[in-house]
Amino acid sequence: MSIPQNKYIHHPIPIMQQQSMSLPSFLPFLENIESDVCIIGAGFTGINTAINLAKKGFDVVVIESAKVGWGASGRNGVN
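Taking this note's numbering, the leading residue of the sequence shown gets 484, the next gets one more, and so forth.
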């Protein structure tokens, strides 16, 4: 099976990678941070949880090792 290619592009960039190029990068922590809640992972669930807790008045910190929304949250898991 062959995937159609654009004749002007030898190695097309997948759409998810194109979209992630515009996501901001963040610097590592340089100081101690205190909060009510620390969420590990800035995928769909982590960000959604952080937003809802912040709306309820919690001081929230989200820690992500890669780009926000880039991991499994940024892809369809169906094979």
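Cβ atoms here follow ideal geometry from the backbone N, Cα and C, with glycine treated the same way.
Own chain residues within Cβ distance below 7 Å of THR532, not counting five before or after:
ILE522
Is it buried or exposed for LEU513, if we count other Cβ within 10 angstroms and need 16 for buried?
Note on LEU513: under 16 other CB atoms within 10 angstroms of its CB, so exposed under the neighbour-count rule.
Name the two residues that bound the continuous alpha helix (DSSP H) containing ILE530.
527-538
Thinking just about the alpha-carbon of each residue, which of ILE546, VAL551, GLY552, PHE509 is nearest to the one in VAL520?
ILE546
Short check: CB of ALA543 to CB of LEU536, under 8 Å?
The question names Ala, but residue 543 in the sequence shown is Val. Cβ atoms of VAL543 and LEU536: closer than 8 Å.
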